[in-house]
Amino acid sequence: MIKDPSPAMPQTAHRISVIIPAKDQASFIRDCLASLERQLPDPAALEVLVIDDGSSDGTGELAAGFRDRLPGLRIIRNDSPRGLATARNQGLEASTAPHIAYLDGDDWLAPGHLEACSRSLDELDVDFVRTDHIRVTGGTRELHRAPQALRNVALDPRASILPDTESTMVDYPYAWAGMFQRRVADRGLLRFPDGLHTAEDRAWIWRLHLECDSYAVTNAPGILYRRGIDTSLTQIFDARQLDFVPAYRLAFGILRDEPDAALYWPKVIRQFLAITAHHNSRKSNMSAAVAADLDRLVAEAAETLPEAELREAFAGLDPERASELGPLLSDSIDVADLIDPERSNA
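Counting in the numbering used here, the sequence shown runs from 9 upward without gaps.
Encoded structure:
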């Protein structure tokens, strides 16, 4: 059940909609919303949509305390959690502004960040812009740059997918690292796969780069991305972490309908194997049932991949990683000759 306890909003010409999914973010939501007060010259031009996704710690009530400071604030309440992807979609459906941005409830923005992104969208007339971000771990801040050297110029999103052996813009899937034109939402390209708790942006970023016409990377002031939080989904080891498998199966489905799929299969398969290896290395922290589900889901997904491309990507793995992943892929390709320890000495 969805409730919006906010009073009816006046018809205001919002310029930017910011969508903030938040589950049990009482420790951080005030920092997040306070940072929005310093984004635009006219605070009324900002529509803020907080999706309180079944929080049990008063997140929604704390957010409601900002109504006087953020005139465009609305709170959408889910009585029970529906997941990050669905919460974002709820915010998207409720949004009204021509420019759309996502922000997580435990992150915050440098002053003027949204203004800079919105200005770039208008001046360059691109479908979306992407930005760098700052990772905050305890008291340490580290700049992470979007993997595109060209800045503040209109680019072809497809041209930023390859090469498959290097980090590119489809390896930078963070929904909050940018801003989007309403026309992209109207084409259905900003929706996330409902129900996913993690990896919801993996198929999303592929569709964005394959189907949009233009984008740019802009040097906006920055988003500050909080890392190492105990409540973060990156810190848990239950079945929600396995959502990367259905997420990539959606990405595989997108490529099957793509005329130039042969160009992109090596890239998406390399991504899938890398993320599988990451989760496989965490098995000691998983329950036996979750670890078994990881093996099964990966094996089933691998069987849907083109054999030649999977074999080539697997052959490119280092021997240790190949030995670890080989059992998961053995039903799809003959891995025996590819995990022979002797090949590492050849």
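Note that beta-carbon positions come from the ideal geometry of N, C-alpha and C, so glycine has one too.
{"Item": "Host alpha helix (DSSP H) of Ala124 (start-end)", "Value": "121-132"}
{"Item": "Member of Asp202, Phe188, Arg329, Ala321 whose CA lies at the smallest distance from the CA of Ile341", "Value": "Ala321"}
{"Item": "Beta-carbon proximity check, Ser126 vs His107, cutoff 8 Å", "Value": "yes"}
{"Item": "Beta-carbon contacts of Arg199 that lie in its chain and below 6 Å, excluding the five residues immediately before and after", "Value": "Asn97"}
{"Item": "Paired residues, beta bridge with Leu44 - DSSP", "Value": "Note: Leu44 sits in no beta bridge, so no partner."}
{"Item": "C-alpha distance - Arg82 paired with Pro274, whole-angstrom precision", "Value": "43 Å"}
{"Item": "Straight-line Cα distance separating Glu55 from Ser25", "Value": "5 Å"}
{"Item": "Supposed close pair Ile262, Trp214 - CB separation, criterion 8 Å", "Value": "6 Å"}
{"Item": "Distance, Glu311 Cα to Asp339 Cα", "Value": "7 Å"}
{"Item": "Terminal residues of the beta strand (DSSP E) in which His141 lies", "Value": "141-145"}
{"Item": "Sub-8 Å separation of Val137 and Gly186 beta-carbons", "Value": "yes"}
{"Item": "Run of the beta strand (DSSP E) containing Asp61, from where it starts to where it stops", "Value": "54-61"}
{"Item": "Beta-carbon proximity check, Leu122 vs Leu78, cutoff 8 Å", "Value": "no"}
{"Item": "Member of Arg149, Asp202, Ala102 whose CA lies at the smallest distance from the CA of Arg234", "Value": "Arg149"}
{"Item": "Nearest to Ser64 (by Cα), restricted to the options Pro89, Thr94, Ala297, Ala207", "Value": "Pro89"}
{"Item": "Of the listed residues Thr206, His217, Tyr182, Gly91, nearest to Leu197 (C-alpha basis)", "Value": "His217"}
{"Item": "Proximity of Ala52 and Gly73 at Cβ, strictly below 8 Å", "Value": "no"}
{"Item": "Member of Leu117, Ile277, Glu131, Asp251 whose CA lies at the smallest distance from the CA of Thr206", "Value": "Asp251"}
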